[in-house]
Structures are given as C-alpha cells and as structure tokens.
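For the sequence shown, the UniProt record's numbering gives the first residue as 1, with consecutive numbering after it. One structure below.
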Amino acid sequence: MTPSYTKIHNRFKLNGLHFNREELKEVAYSFIKEGEDYEKASGNFLIDWLNDNDYLYVNTSGSTGKPKAIKLLKQTMVNSAIATGDYFGLEPGDTALDCLPSHYIAGKMMLVRAMILGLEIDHVEPSAHPIFDYEKNYDFCAMIPLQLKHTINYTHNIKTIIVGGSIITKPLLEQISHSTSKFYETYGMTETVTHVAVRQLKSKNGKGEQFFKALPNISFDKDERNCLIINASNLVEEALVTNDIVDLKSDTSFRLLGRYDNVINSGGIKLFPEQIENKLQPVIDERFILAGEEDGTLGEKLILIIESPRDTKESIFNRIKQLKGLTKYEVPKEIYVVDRFVETVNGKVQRSKTIAKAIG
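Okay, here's the thing in structure tokens:
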C-alpha cells in the first residue's frame, strides 16, 4: 500500500531526533522564527507540507527559461520518493545527508524522502562547500556538481551520491573514478518532481554507463524532433514532451544529446553545443559554453564564451585546434570573454542571458 502524504514514517529522524507530525510543525515554526536562512526555507516548506492542502507550489530554477511556480500534488511527491527509494534500495533507518536548499524541488524532495521512507536525515547548510560530519556513514545524498567538487575527498563514507543540476566536468569525473562511493547522474526537472532517470558514473565500486535508465513506473518515447517524451502517470497526468534531444535505446533508457533550442545550424550542419563542450573540457579549465551567433555566410557560426580565462584567446584557440576527435565544424569561429556567467539563485548557468551578455 502506498503511504499517504499525511503520514510521517515512525523511523523518521531529523538531525538525530524523532518527530511526529505535530512535533515537526513545532520544529518548522522554530526554524522560521530562530533559524538560519536555509533553515527558514526548510521551515516554510515543512509548514506547506504539513498543512491541510493536498498540493503545494514549487518554483522552477529558471535555467532554461523564466522561473515559474508549478503546482504539485503532495501525493505525487510521495510517489517520486518511493520510486527513488525502490531504485536505490533505501530502507527505514537508513541515513541521509541533505545539503541542498529547500527553495527548490531537489532540496524539498530530500526532506520528503526522509519523512516518507523513514530515513535519518542530517540537514546542513547548502553552501558551495557543505560542512558535514566527514566520519559519519551515510547511505544517501544528493549534490550539485559544484558541491561534489569541493567535498569529493570527504565523501568516502557516503554509500550513494546522486548528482544533478548542471554539467559534470571531466576533471570531476576523473576524481569520481577514484572514489569508493557509488555516483549517479540524474535527469529530471521540477515538473517531474526531480529525477525520472539516472546513469551510474564510473567509480571504484560503480560501472560507468552511457545511457540513463528509468526509475520504476516510468517509460520514454520521442517525438518527430527526436526529443524525449516522458510517460510517468504517477508523477504527471499527461505525457511530458521535453526539448531534450535523445538517442532512445529502449522505452526505459536513453542517451542525452543536447537541447533542441540550443542546436546551431552552421552552413547546413547541425551542431549540438553540449556534445562539443564535452570534447573541449580537457583543454579549458574555466567555465565555458558554446553558442551560435548570426553570420552572413553560414547563417550561424559557432562561438565560444569563457568566464574569466587565465590564458589568452590565441592560446586557447591553438589548444582547441590541436584536439583529436574534433571536426572542423566543431572549432569555434570566435571566442568571447565575460567576467562572470549569469546564474540562477541556485548556481545554474542561464545560457541565453550569458550569451546575450557576451555578444551584446
């Protein structure tokens, strides 16, 4: 029988203490009244979760468009928590580390998973470099790549770490490959109540996978654009058509190629910025993105935008040209430099605004 959003699992613990539904309301009020900023956000979410409504509103991050509020049914969030628990084998009494902000769906869902699955969760400040008990054993944690980059040397006691929200760089993947934890890249969005698919990353205890695999009760299709369609009746009422171009291996697995709205048509050649960015990572240390700029001859030309590079444009360009496996179409025609990328409040790069900032 599926648990109800009105129930709190009797094995649930927050920061080492048991709380029932009424006691958790008091904790939420205490967070709001006396807590740090991140605790206030968690308190506000818990108040929303514990009220009499069967729904709540969640803000999108705004990384691929304007931020907006989405109405989610609480039971749908419960269904997502159960799917995650089933996929990763989480059991009542397992320990979890929550270092994500509760403003957005990923942080909210860490608390929901704990309340529904009966996890013992430690709630810490969601900084770029989270501080937690490095000697304590944890069964489960979710991080963004920036957090994992700063804590990778302290994650040996975390059994399973899911990573999402932005690109996982080649240097970070290399560090992950030497770790004993199991790591999974996630695919999902606010509309699907966080991840609907994951792919395991290569580590000492994990095999590297090319394809994302569906969580329980989720299947995939694609439209005429080769964009992913998500079928998840437990999470969304109707099939969700995305702008993510995929190589669909089966109805439960796919490889992500790039976003339809980012595709560059340069002289009749379709270029996927995300794939080329992956190829350029070994020769560029700073954050960068690729984009298309209007061109009289090609229609669009490929450009490279770098955040505060230490090297000259000429040096970077020479390294790119020497890269093996890069076609002539994938070599940027122009390099632009910006002092800082435009970000959402939770650190995701806003591509369109950053591109506009670079090319004016």
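Just so it is clear, CB atoms sit at the ideal spot from N, CA and C, and this is done for glycine as well.
Check                                                                                                                                                                                : Outcome
For the beta strand (DSSP E) holding Glu300, just list the boundary residues, first then last.                                                                                       : Gly299 to Glu307
The alpha helix (DSSP H) with Leu50 in it runs from where to where?                                                                                                                  : Asp37 to Leu50
For Glu185, count the other beta carbons within 10 Å of its own beta carbon; 16 or more makes it buried, fewer makes it exposed. Which is it?                                        : buried
Please name the residue, chosen from Met189, Asn53 and Lys68, that lies closest to Asn59 on a Cα-to-Cα basis.                                                                        : Lys68
For Arg287, collect the residues of the same chain with a Cβ closer than 8 Å to its Cβ; drop the 5 residues on either side in sequence, then sort them by chain order.               : Ile306, Glu307, Phe341 and Val349
With a cut-off of 8 Å on the beta carbons, I'd call Ile116 and Ile82 a contact; round off their distance for me.                                                                     : 7 Å
Suppose only complete runs of 4+ residues qualify. What are the alpha helix (DSSP H) ranges in the UniProt domain "AMP-dependent synthetase/ligase" (48-200), listed by chain order? : 74-88, 105-117, 145-151 and 170-177
If I follow the unbroken beta strand (DSSP E) through Phe272, where does it start and stop?                                                                                          : Looking at the DSSP string, Phe272 is not in any beta strand (DSSP E), and its letter there is neither H nor E.
What residues in its chain sit with their C-beta under 7 Å from that of Lys270, if we drop five residues either side in the sequence?                                                : Val263
Any chance the region 85-105 sits against the region 35-44, with 3 or more Cβ pairs inside 8 Å?                                                                                      : yes
My output table needs one value for Ile355: the three-state DSSP class, helix, strand or coil.                                                                                       : helix
Can you list, in chain order, the residues of its chain whose CB lies under 7 Å from that of residue 361, leaving out five sequence neighbours each side?                            : For residue 361 there is no data in the structure shown, the boundaries of the chain being 1 and 360.
Go ahead and label Gly164 buried or exposed: buried means 16 or more other beta carbons lie within 10 angstroms of its beta carbon, across all protein chains shown.                 : buried
Between the region 239-250 and the region 216-230, do at least 3 Cβ pairs fall closer than 8 Å?                                                                                      : yes
Under the assumption that Glu293 contacts Glu334 (Cβ atoms under 8 Å), give the Cβ distance between them as a whole number of angstroms.                                             : 7 Å
When the Cβ atoms of the region 141-155 are set against those of the region 118-133, are three or more pairs found closer than 8 Å?                                                  : yes
If I measure Cβ to Cβ from Thr354 and keep anything under 6 Å in the same chain, skipping five residues before and after, which residues do I get?                                   : Phe341 and Val342
Going by DSSP, name the residue or residues bridged to Asp223.                                                                                                                       : BP columns for Asp223 are empty, so no partner.
List in chain order: all unbroken beta strand (DSSP E) runs of 3+ residues lying wholly within the region 238-292.                                                                   : 240-250, 253-259, 264-266 and 269-271
For Val241 and Thr194, what's the separation of their Cα atoms in angstroms?                                                                                                         : 16 Å
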